[in-house]
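As you go down the protein sequences, you meet chains R and G in turn.
Note that full-length UniProt numbering numbers the first sequence so that position 233 is 233, with each residue one more than the last.
Note that full-length UniProt numbering numbers the second sequence so that position 52 is 52, with each residue one more than the last.
Don't be surprised by glycine CBs; every beta carbon is placed ideally from N, CA and C.
Here is the structure we will look at, set down as structure tokens.
2 protein chains.
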Amino acid sequence: MAKNKKMVDAITSMDEDFAKWYTDICTKAELIAYTSVKGCMVIRPYGYAIWENIQKILDTRFKALGHENVCMPMFIPESLLQKEKDHVEGFAPEVAWVTHGGSEKLEDRLCVRPTSETLFCEHYANIVHSYRDLPKLYNQWVSVVRWEKTTRPFLRSREFLWQEGHTIHETPEEAIEETERMLNCYADFCEKDLAMPVVKGRKTDSDKFAGAEATYAIEALMHDGKALQAGTSHYFGDGFAKAFGIQFTGRDNKLAFPHQTSWGVTTRLIGAIIMTHGDDNGLVLPPAVAPIQAVIVPVQQFKEGVLEKANEVYEQLKAAGIRVKLDDSDQSPGWKFAEYEMKGVPVRIELGPKDIENGQCVIVTRHDREKTFTPLTELVETVNAKLEAVREGIFQKALENRERRTYACKNTDEIIKALEENGDGFVKAMWCGEEECEDKVKELTGVGSRCIPFEQDNFSDVCVCCGKPAKKMVLWGKAY
Amino acid sequence: MAKNKKMVDAITSMDEDFAKWYTDICTKAELIAYTSVKGCMVIRPYGYAIWENIQKILDTRFKALGHENVCMPMFIPESLLQKEKDHVEGFAPEVAWVTHGGSEKLEDRLCVRPTSETLFCEHYANIVHSYRDLPKLYNQWVSVVRWEKTTRPFLRSREFLWQEGHTIHETPEEAIEETERMLNCYADFCEKDLAMPVVKGRKTDSDKFAGAEATYAIEALMHDGKALQAGTSHYFGDGFAKAFGIQFTGRDNKLAFPHQTSWGVTTRLIGAIIMTHGDDNGLVLPPAVAPIQAVIVPVQQFKEGVLEKANEVYEQLKAAGIRVKLDDSDQSPGWKFAEYEMKGVPVRIELGPKDIENGQCVIVTRHDREKTFTPLTELVETVNAKLEAVREGIFQKALENRERRTYACKNTDEIIKALEENGDGFVKAMWCGEEECEDKVKELTGVGSRCIPFEQDNFSDVCVCCGKPAKKMVLWGKAY
């Protein structure tokens, strides 16, 4: 039989060129393909299956917390976008404008939603009248458009997929609680399901979402020491309600303005997975979101009984709820090993005539290539244990990378030295609260403020920049 | 306790004004809300939950048939849209054009996808090289935009949600088989899950999809006798492949053009559900897609033990996998009955102190208001049986409506008479195959060709219009 000509090409090593290593994985693991639509991409089946798994887990979590899904239009009339001053200032420069419908010129041009606060506000104004109508806990899974100048698959593209939660509440306390609840939900998802450690914190004022009173974020450290914002949660106070005339009759029978939140994560999480767990052999996927959790590679599959046994094993694992694939194509086992390493399949099961004779198989975990011989009678338990071992293993590896690359610094010279000696990473440093110092730190050292971590560690009394009394410990880093 | 002021408003009766009855249901069952974006709508939680159920069932069916989900960009450069002549002619007049990104004018303007054949073709050209790369069986769940002049919720809106399947095959036979397989998949879904009888057939040439060699469709008859196209499946031959330069090396080592299909259903299905099953009390939902399959309404809920028992029943049904809601709000039972009838909940369970004493409850089915006293020990089985009874009952009702309103006519006078005497409906009539006759029938009688049914019934030898020899029996109707 003719062999399939496709080979698993080697990818650029991450030490040689991290950016190229990243895009190599995106294309060679068949996550994306480029298109003639500048800054946009095709998310291919393997990439989209990861997103579907992320969606399933998050959607279940959101619904368990009482949220309902809705769907708003993808267009926002310019006049509607302009209603909240800060919001339009933040977003107008980077939106795509629809000016014609068919051959007709539109009177009020429409932007393709960059985010949907304005549409939700218009809707709330129509449906919220009494405290009995509150809260509304909404979410939608859609794509949004932001006209970025430079783009990279998953990390920064002109169109990206996301979920945007939008909620509206009777009191500020309730809204703030929701903001925090959803940040915790994201953090828990990232750590448990994506095996990616994150720091929870509040953004400084200069880094808030356009129109928000407070923005909270989770920050992760990538393998190359750069920081990636993995999710955000915003508290709006009643600013949007006032701009859009949303009012309700309270328990005291008086008119009041409700308080709002919004929160979102995007396909950027797939970029985060790549850069947190990947290695020079390709992708390494957290089992919870891996489209294939275990792949069975038969060895000497033409020998009698091998494919039969492999199929038995396949059915057994499938019945146990494991996402399993049996590759009985005519490629060599070596080719298949490389292919599924590239695709980051957490567990590989090798099964040849000798194994079958001995009533066992070989299990190899992707992240550490550890081999285990397992009796076929204990297969399901062992595969499940190995999937958990992968999760735990890649989480610990990522955590160690972050610990090793987190530098506590007392002045900007220390920051510069730490980065020079140890490479990019998170910098912990005290801050006086002035934007001027924030800017100056960035100018002098290259790292910007990522967030003010909830978990504070006040190891110095003075600002890393001006030396005046410090208010907060800030986490700094180079951003993606 | 203060009562919630919201009341269940009566809706316009369908006999009085079918169009108003329809939009009343859309808004009062809280399926949609209008927005300031002309021709677009908010799909509210209850409406979106129906769509989510449709998606879940169809997505499972598609995947079982080997399809994979992908995601293409929402934009198509004008130059790409223009590659296939018929296709661009069909769609260009009704697309929304993005001309500016931020403050910059685009060189090649982008349309918001009205459908994605051109993007899939561009992608295929990049990834299909050998017969070994075929077939590709892709699907995506996205929204598309068509700049309609007059719009109605779900039936015709400028933006709508849909799935678009796109497949590419080695041979025409395989592609035609896929086209038919997916039409059958849609028909089976409509009849089994939506309880909506459909006629499968082929569109006449004048009614084909822009760029298709053949378009197949399923047609349903609404309660008012109008026809609704509920799903389509297109066979493209190799026309797109030639226009986009998609070629593969065949088994004979020669270059060849592959053959393609596409197929889709949209949120229009929700409109079809409303107009097939709804009545003057509101929506009637097929159990398979009902967000709430059974609602528990406690009677005299302030009496000791009632809410406790209601909660027990709730937990029991939930554990059995039934989508159940317990409404223990302080509205009266009568208000709740009306509210959940409006929302089309298939089964209502009434539970009061006397029922509890007798170890029973009352089950009322939505479509026929039939009451059944059921021992609480047999609750799960009975509710499941009732859900099946609703499905069967509404399917039969819709089928009877269609049979009653299907008229076999031998000439245009008979058509006019049948429609006048019995109201709008499907007309079966023989056709010579000439577009001229097709147009003339429409002009004279008001009904257009819906499809050439696969199930032919050649009850006359001559064309209903010109009297020349007939080639096919055509199904005619007034379109939504």
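Here the C-alpha atom of Ala-470 (chain G) lies approximately 49 Å from the C-alpha atom of Val-347 (chain G). Residues of chain R whose Cβ lies closer than 8 Å to the Cβ of Phe-18 (chain G) do not exist, since the nearest Cβ in that chain is about 25 Å away. Around the beta-carbon of Glu-16 (chain G), fewer than 16 other beta-carbon atoms lie within 10 Å, marking it exposed. Proximity of chain G to Ala-33 (chain R) at the Cβ level (cut-off 9 Å) is accounted for by His-123, Asn-126, Ile-127, in chain order. Inside the stretch 206-244 of chain R, DSSP marks whole beta strand (DSSP E) runs of 3 or more residues at positions 214-221, 227-237, from first to last along the chain.
Here DSSP, grouped into helix, strand and coil, assigns His-123 (chain G) to helix.
From the listed residues R:Gln-247, R:Met-473, R:Gly-231, the smallest Cα separation to Gln-456 (chain R) is found for R:Met-473.
Taking each of R:Leu-228, R:Lys-242, R:Gln-293 in turn and checking the Cα distance to Val-390 (chain R), the smallest one comes out for R:Gln-293. Between Asn-184 (chain R) and Lys-336 (chain R), the alpha-carbon positions lie close to 39 Å from each other. At least one CB of chain R lies nearer than 8 Å to the CB of Glu-68 (chain G). Annotated as proximal: Leu-283 (chain R) and Gly-344 (chain R), with beta-carbon spacing under 8 Å. Restricted to the stretch 79-140 of chain R, the beta strand (DSSP E) segments that are unbroken, complete and at least 3 residues in length are 96-101, 104-112, listed in chain order.
Setting aside the 5 residues that flank it on each side, Gly-433 (chain R) is surrounded in the same chain by Lys-471, each with a C-beta closer than 6 Å to its C-beta; the list follows chain order.
In the structure shown, Tyr-480 (chain R) adopts coil according to DSSP, grouped into three states. Within the same chain, and ignoring the five residues on either side of Met-275 (chain R) in sequence, the residues whose Cβ sits closer than 6 Å to its Cβ are Met-222, His-223. If you look at Thr-374 (chain G), you'll find it in the beta strand (DSSP E) that goes 371-375. In this structure, Phe-120 (chain G) sits near His-166 (chain G), with a CB-CB distance shorter than 8 Å. With contacts defined as CB atoms closer than 8 Å, Trp-21 (chain G) and Ile-32 (chain G) fail to qualify as a contacting pair. For Cys-40 (chain G), at least one C-beta of chain R is nearer than 8 Å to its own C-beta. Only buried fits Ser-143 (chain R), as 16 or more other CB atoms lie within 10 angstroms of its CB. For Cys-26 (chain G), the closest Cβ of chain R is not nearer than 8 Å. In this chain, the alpha helix (DSSP H) harbouring Arg-391 (chain G) covers 379-404. Close to chain R, meaning a Cβ-Cβ distance shorter than 7 Å, are the following residues of the stretch 42-60 of chain G: Val-42, Ile-43, Arg-44, Pro-45, Tyr-48, Glu-52.
8 Å or more divides the Cβ of Ile-43 (chain G) from the Cβ of Val-289 (chain G). In this model, Val-383 (chain G) and Pro-258 (chain G) are separated by some 50 Å (Cα to Cα). Ser-332 (chain G) is outside the set of residues whose beta carbon lies under 8 Å from a beta carbon in chain R. Check the Cα spacing between Leu-65 (chain G) and each of G:Leu-475, G:Tyr-186, G:Val-464: the tightest is with G:Tyr-186.
For Met-342 (chain R), no chain G residue has a Cβ inside 8 Å of its Cβ, as the nearest lies near 16 Å away. Residue contact check for Glu-94 (chain G) against chain R: a CB pair falls below 8 Å. Under the DSSP assignment, Val-306 (chain R) falls in the alpha helix (DSSP H) whose first and last residues are 306-319. Interface flag for Phe-75 (chain R) against chain G is set, since a Cβ pair is found closer than 8 Å. For His-100 (chain G), the C-beta contacts it makes with chain R under 8 Å involve Ala-96, Trp-97, Thr-99, in order along the chain. With a threshold of 8 Å between beta carbons, Cys-190 (chain R) makes no contact with chain G. Asp-280 (chain G) carries a coil assignment under DSSP once its states are collapsed to helix, strand and coil. Distance from the CA of Leu-444 (chain R) to the CA of Ala-408 (chain R), rounded to the nearest whole angstrom, comes to 17 Å. Among the residues facing chain R, Met-72 (chain G) is included, as its CB has a counterpart in that chain under 8 Å away.
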